[in-house]
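Enquirer: Structure incoming, see below.
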Amino acid sequence: MRNAVHAHKPRRRKPVTAERVEKALDTLAWIMSKSGPDAHLAVPLWKRLESELGRLKEEEAVIAAATSRLKTRRGHSQAAS
């Protein structure tokens, strides 16, 4: 008999993206708006999500700049050849 723990394949986690964090912030904002005096309990999570969002946006900007630079440099290199 197979062990129940190994009966199915583990799910792959979706990558954390700025879009997913934005959706999480939207959901948390709704929860906080409905929580009344307990809304403050979600503040640490809010701060963490905002921090993660900032990091992800910065990362995306660096990748976009690198990609843009490569395209520009390739065009420059080919023109010089």
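In terms of my numbering, the sequence shown is residues 553 to 633. Glycine included, each C-beta is placed from N, C-alpha and C at the ideal position.
Between the alpha carbons of V614 and W598, how many angstroms are there, rounded?
Expert: 24 Å
Enquirer: According to DSSP, is T624 part of a helix, a strand, or is it coil?
Expert: In the structure shown, T624 adopts helical secondary structure according to DSSP, grouped into three states.
Enquirer: Short of 7 Å in beta carbon distance, which residues of its chain neighbour K586, apart from the five on each side in sequence? Order them along the chain.
Expert: Excluding its 5 nearest sequence neighbours in each direction, K586 has no C-beta neighbour in its own chain below 7 Å.
Enquirer: In whole angstroms, give me the CA-to-CA distance for A581 and E604.
Expert: 16 Å
Enquirer: Could you tell me the distance, in whole angstroms, from the CA atom of E611 to the CA atom of G588?
Expert: 35 Å
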